[in-house]
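First the structure, in the form of structure tokens, and then the observations on it.
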Amino acid sequence: MKVEAECASCLLSRAKAEVYMGTTNPALRFRTMKEILKLLSREFKPTSVPADLGTKRDRLIKLLTGNNDPYLQVKDKSNNEAIKILPYAKKYVEKGYTQQERFKKATLCAIVGNLMEFDIPGFTFSFKELTKKIREANKDLVIDDIDSAYELAKKAHGILYLADNAGEIVFDTILVEQLKNMGLKVTYVVKGGPVLNDATLNDVEISGMDKIADNIITTGTDAVGLITKEVSQEFLKTYMKAELIFAKGMGYAETLTEYTLT
Numbered sequence: 057m058k059v060e061a062e063c064a065s066c067l068l069s070r071a072k073a074e075v076y077m078g079t080t081n082p083a084l085r086f087r088t089m090k091e092i093l094k095l096l097s098r099e100f101k102p103t104s105v106p107a108d109l110g111t112k113r114d115r116l117i118k119l120l121t122g123n124n125d126p127y128l129q130v131k132d133k134s135n136n137e138a139i140k141i142l143p144y145a146k147k148y149v150e151k152g153y154t155q156q157e158r159f160k161k162a163t164l165c166a167i168v169g170n171l172m173e174f175d176i177p178g179f180t181f182s183f184k185e186l187t188k189k190i191r192e193a194n195k196d197l198v199i200d201d202i203d204s205a206y207e208l209a210k211k212a213h214g215i216l217y218l219a220d221n222a223g224e225i226v227f228d229t230i231l232v233e234q235l236k237n238m239g240l241k242v243t244y245v246v247k248g249g250p251v252l253n254d255a256t257l258n259d260v261e262i263s264g265m266d267k268i269a270d271n272i273i274t275t276g277t278d279a280v281g282l283i284t285k286e287v288s289q290e291f292l293k294t295y296m297k298a299e300l301i302f303a304k305g306m307g308y309a310e311t312l313t314e315y316t317l318t
């Protein structure tokens, strides 16, 4: 995916939010935003990939503010709120009479978890809405390929599951459990370092994913999405051998449509 003109406002809006979480120093905030404007002035081109620009933006923010994880408090709150709702989500999934019904309900929970996104222009999210969103998820899908995904999973022996956000990872545990019940070996992938509110190894431990997935690895990088020249050899080898891949999040959508991992 290449940038469109409207991507500029989103990149800047998120930059402002991240800078304000990264430091309380007014002068440093001003300087950092000024440097981000310079960055986008150089790099914002029709051939650019939004996630690549986001990676450069976020690394610049971390460098200038001295805060390596501006979204840390947001991630902690997301995990804590999701854990509170996890028993409700599990009961919702257990009401499925067949394997396919439970897979669908678990997938819907994982989709609802994806709503835990912040600082996106035009999008608002409330933790209070999560249980309602789970109940109504089946009615809200604009595109529903869950049955097709189930058929693919049913034929596979293993799956590479690329995670998105903290909090969301808690609901992913439900889907990973269902995939394992179907006989699949699941390798769950998180980011190699803090980037936005994406899940890292810290969130794996908090969510309990390390006790559910067969393997846990990282991308080896703190990039938004995947930057092919930066991923670890461990990730690259695992990716190339993967029979089936679940990739969650806009960053992966933006980069996996542009780059081929070899």
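Going by my numbering, the sequence shown opens with residue 57, and the numbers climb by one from there. Yeah, the Cβ is synthetic: ideal placement off N, Cα and C, and Gly gets one too. Note that the structure is predicted; figures quoted are calculated from it, not measured.
If we call anything under 8 Å between Cβ atoms a contact, is residue i one with residue j?
i      : j      : result
Phe86  : Val59  : no
Ala138 : Gly223 : yes
Leu216 : Tyr295 : yes
Phe183 : Phe174 : no
Thr163 : Ile202 : yes
Gly110 : Val280 : yes
Ala166 : Ile262 : no
Val130 : Asn258 : no
Asn221 : Ser288 : no
Gly248 : Thr274 : yes
Val246 : Val260 : yes
Pro102 : Met57  : no
Leu171 : Lys188 : no
Lys112 : Leu95  : yes
Glu91  : Leu120 : yes
Please list, in chain order, all residues of the same chain as residue i whose beta carbon is under 6 Å from its beta carbon, the five residues on each side excluded.
i      : result
Ala269 : Val232, Val242, Tyr244
Asp228 : Ala166
Asp125 : Pro250
Identify, in the order they occur along the chain, each residue of the same chain with its Cβ nearer than 8 Å to the Cβ of residue i, setting aside the five sequence neighbours on each side.
i      : result
Met89  : Ala71, Lys72, Val75
Ala303 : Leu218, Ala309, Leu312
Pro177 : Ser65, Cys66, Ser69
Arg115 : Asp278
Thinking C-alpha only, which one of the options is nearest residue i?
i      : options                        : result
Gly305 : Ala64, Val251, Thr80, Lys236   : Val251
Thr79  : Leu96, Lys118, Ser65           : Lys118
Ala205 : Leu292, Leu300, Pro106         : Leu300
Ala193 : Ala145, His213, Gln155         : Ala145
Ala64  : Met77, Leu84, Pro82, Asp108    : Asp108
Gly239 : Gly248, Ala212, Gly249         : Ala212
Lys195 : Ile272, Lys160, Met172         : Lys160
Asn271 : Glu286, Thr284, Ala255, Gly214 : Gly214
What whole-angstrom Cβ distance do residue i and residue j have, given they're in contact under 8 Å?
i      : j      : result
Tyr315 : Leu292 : About 12 Å; that fails the 8 Å criterion.
Ala209 : Leu186 : Rounded, the Cβ-Cβ distance is 25 Å, inconsistent with contact.
Here's a check: name, in chain order, each residue in its chain whose Cβ is nearer than 7 Å to the Cβ of residue i, leaving out the five neighbours to either side.
i      : result
Ile141 : Leu186, Thr187
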